[in-house]
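A.B. asks: Note that my numbering has the sequence shown beginning at 258, numbered continuously upward.
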Amino acid sequence: QKREDIHVFSLNSELNDDPNVADSPVVEVLKADYNITESPTMIINGEQKVEGYTSTGELENEVFQ
């Protein structure tokens, strides 16, 4: 069954190792609030964190059930 109430927002995280290159302030807040240490990372409904590449099938079968 397809979920119609899911919205995905993508932000360029610019996760980098160069201390001279700052990330976006908004991204910095999100990374701190959700303890994001790798990219890509999805935060679902402000509660569930999914790190790494996740296919649509994996999301439908594992995350949204």
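Ideal Cβ positions, reconstructed from N, Cα and C, are used throughout, including at glycine.
1. Compare the C-alpha of VAL283 against each of SER296, GLU308 and LEU268 and name the closest.
2. Give the range of the beta strand (DSSP E) segment to which VAL307 is assigned.
3. Quick one, which of GLY314, TYR291 and SER312 has its alpha-carbon nearest GLU304's?
4. Using 8 angstroms for Cβ pairs, my map puts VAL307 next to MET299. What's the rounded Cβ distance?
5. LYS288 CB to nearest chain D CB: under 8 angstroms?
C.D. replies: On the basis of the supplied data:
1. LEU268
2. 305-308
3. TYR291
4. 4 angstroms
5. The structure shown contains no chain D, having only a single protein chain.
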